[in-house]
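See below for the structure under consideration.
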DNA sequence: CTGAAAGCGCTTACAG
DNA sequence: CTGAAAGCGCTTACAG
């Protein structure tokens, strides 16, 4: 039924070995033979079977992408597809394929990781999640399976990872708000389970210190990182009688909610309160007011992540690599106070 | 190095065939033998190699998901990941894996489709894109490769597909706007390349006709389906001196832009102009004003899409199946005119 | 209930 | 420059 290397061999009057070598463009096969073989392949509409090839070569050219916590809204965040695009782009160039698995709970995660690492289908894993204390990480290290984390993990010197410098991101944004005249700056959406929010908070504190602004813990509001609770977080603050002059939300989606809440209380953005987000979602520039944010270059995060993974797969000498992707502060109306 | 079925066979003093059968839980193997074999597998930490299994069984349990037009913003739309979640959910239950490919241009698409269909890795294809006149479709039909399209294709009776009833969606939304007192209703974002927008427009026209409202072509504005041009489309209309009492945008993201434009011109939503979108993105409920939209149940689109594909792969007798996923009209403030 | 053997479609030392 | 043979790690008729 399906034409195999043996069919081609017969038709070309050569051995299967020779066909295989022609396919691999081995220098040991004469040009003439190659030409003949390729012509026949064309005629007979031959395509190599990658499964058979994988078995023989003991290499599948497939990596797995693991998306954690898909029951939460995280997976719906615009930067996830963007990361995936980056991964796909470099993977394609390197003739790698991408197996994607989304995981809801820890139990499922254990099963899927086990499957992906033991069944021989996948050569390495790209993990999209910077959850603190993920038990998968020590497991992967133990079995020495190549993997890269997108997002800074807690044990940053013992794994491969790629991320932005989120401390710097938090710092820059806070400094920006200080520069436009804010002193009491709220920080919304810290989630202890996500390094990224902790890092951004760290940068926030650094900037305050550097500018001799006393830290007010009341201005820091915990919450889910990516969720529709920006409104609630802001409300919590206002209900306590606190009206900050600036607000930094850990994600644009949170910032949108916060702005809505401020508006309802009759507070104008940016005149009364300057508001900024992070991650620069597509809508941010079209929001009212256009939202100051940080472009994290999600595409590059994915692209670089794949590169690191490929390195880890191919490299003889094991090492732990990291990559820091640059970001851009994007100032828009939502933080443009008069006089600044 | 890696433990194989032969290692287990030796350790258990049986033949590889028996181990294989135990693995498949064949009734032809005694309970006692199975127990012994499983115990040894446990001890030796054995996992079957799915590549070898795939080759022997001639079946990989892998499907491909093809995402078209990833250079456009489409891929970043929140409903794509949601569809993927639906696919993954059912695939997981059926022990299928998902290979994902995103495609930018037609040239790349041809290569990837060719690869996915000929290399033997993938048993069927799920195509995310309802682009009109996609050359891939006739090709897949010709080679009789199982596939399902998410989105109604032009040749709807000759392929498997799953979609909402977009005519009905357009109709219901328009009727809703008419009910709240709108008569001159603009329709933004028709893109002839996407069936979904054409269908929604069709429903719009049906509703007008049914209510004896004359069709005004000037109110229909073409544009990219999913893009940040809602502002521009609305502006185009207003610049022509047209101020509709209602606006339907082909996507929530477009509606956000349209609202912004209206606001800048001093028009209030919904008091002066009622505005509605489609697809119910996460932000819609938190927008100011909360946006009337339609929940298309993207998760179900993906889940059902996989079911159809699995059917197509397994079924002896070939047929063309379709599935229509229900939707929900979600009325929010943006269309709540006074008195309605 | 179990085994020996052939086969899935390739690749690759080994030999010439 | 080319081929015969073994092997990748499974499954599955065939035979008993």
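Protein chains in written order, with the UniProt record's numbering: chain A, 1 to 340; chain B, 1 to 340. Just so you know, even glycine gets a beta-carbon here, dropped at the ideal spot from N, CA and C. It should be emphasised that the depicted structure is a prediction, and the values quoted were computed from it without experimental measurement.
Item                                                                                                                          : Value
Member of A:215, A:193, A:5 whose CA lies at the smallest distance from the CA of residue 186 (chain A)                       : A:215
Between the CA atoms of residue 219 (chain B) and residue 68 (chain A) - distance to the nearest angstrom                     : 44 Å
Cutoff 8 Å: residue 16 (chain A) Cβ touching any chain B Cβ                                                                   : no
Residue 324 (chain A) versus residue 169 (chain B): straight-line alpha-carbon distance, rounded                              : 45 Å
Below-8 Å beta-carbon distance, residue 146 (chain A) vs any chain B residue                                                  : no
Residue 181 (chain A) versus residue 124 (chain A): straight-line alpha-carbon distance, rounded                              : 48 Å
Cutoff 8 Å; reference residue 117 (chain B); Cβ partners in own chain excluding five residues on either side                  : 125, 140, 143, 145
Cβ-Cβ separation, residue 332 (chain B) to residue 282 (chain B) (assumed contact under 8 Å), whole Å                         : Rounded, the Cβ-Cβ distance is 13 Å, inconsistent with contact.
Length at least 4, wholly inside the segment 32–95 of chain B: the alpha helix (DSSP H) runs in chain order                   : 50–57, 79–93
Residue 341 (chain A) in three-state terms, based on DSSP                                                                     : Because chain A is modelled from 1 through 340, residue 341 (chain A) falls outside the range shown and cannot be assessed.
Residue burial classification, residue 56 (chain A) (beta-carbon count within 10 angstroms, cutoff 16)                        : exposed
Reduced DSSP category for residue 243 (chain A) - H, G, I as helix; E, B as strand; rest coil                                 : coil
Integer Cβ distance of residue 173 (chain A) from residue 248 (chain A), believed to fall under 8 Å                           : 6 Å
Pair within 8 Å by beta-carbon distance, residue 230 (chain B) and residue 201 (chain B)                                      : no
Within-8 Å CB hit, residue 306 (chain B) to chain A                                                                           : no
Whole-angstrom distance between residue 286 (chain A) and residue 232 (chain B), CA atom to CA atom                           : 11 Å
Cβ pair residue 301 (chain B), residue 137 (chain B) closer than 8 Å                                                          : no
Top-ranked residue by Cα proximity to residue 322 (chain B), from B:158, B:183, B:258, B:12                                   : B:158
Burial state of residue 152 (chain A) (16 or more Cβ within 10 Å)                                                             : buried
Alpha-carbon to alpha-carbon, residue 164 (chain B) and residue 195 (chain B)                                                 : 12 Å
CA-to-CA distance, residue 129 (chain A) to residue 87 (chain A), given in whole angstroms                                    : 15 Å
Three-state secondary structure (DSSP) of residue 200 (chain B)                                                               : helix
Distance, residue 295 (chain B) Cα to residue 89 (chain B) Cα                                                                 : 19 Å
8 Å Cβ cutoff met for residue 119 (chain A) and residue 64 (chain A)                                                          : no
Environment of residue 199 (chain B) [buried if 16+ CB atoms lie within 10 Å]                                                 : buried
Integer-rounded CB distance, given that residue 37 (chain A) should sit under 8 Å from residue 3 (chain A)                    : Contact flag wrong, Cβ pair sits at about 13 Å.
Same chain, Cβ closer than 6 Å to residue 10 (chain B), neighbours up to 5 away in sequence not counted                       : none
Proximal residues of chain A, C-beta to C-beta of residue 231 (chain B) below 8 Å                                             : 286
Residue span of the beta strand (DSSP E) that contains residue 163 (chain A), given as start and end                          : 160–164
Contact residues within the UniProt domain "HTH lacI-type" (3–57) of chain B, judged by C-beta distance below 8 Å to chain A  : 47, 48, 49, 50, 51, 52, 54, 55
Residue 160 (chain A) classed as buried or exposed, judged by whether at least 16 other C-beta atoms fall within 10 angstroms : buried
Contact set between residue 224 (chain B) and chain A, taken where Cβ atoms lie within less than 7 Å                          : By Cβ distance, chain A contributes nothing, its closest Cβ being about 13 Å from residue 224 (chain B), past 7 Å.
Alpha carbon of residue 154 (chain B) to alpha carbon of residue 171 (chain B), nearest angstrom                              : 20 Å
First and last residue of the uninterrupted beta strand (DSSP E) at residue 189 (chain A)                                     : 185–190
Cα-Cα separation, residue 212 (chain B) to residue 78 (chain B)                                                               : 36 Å
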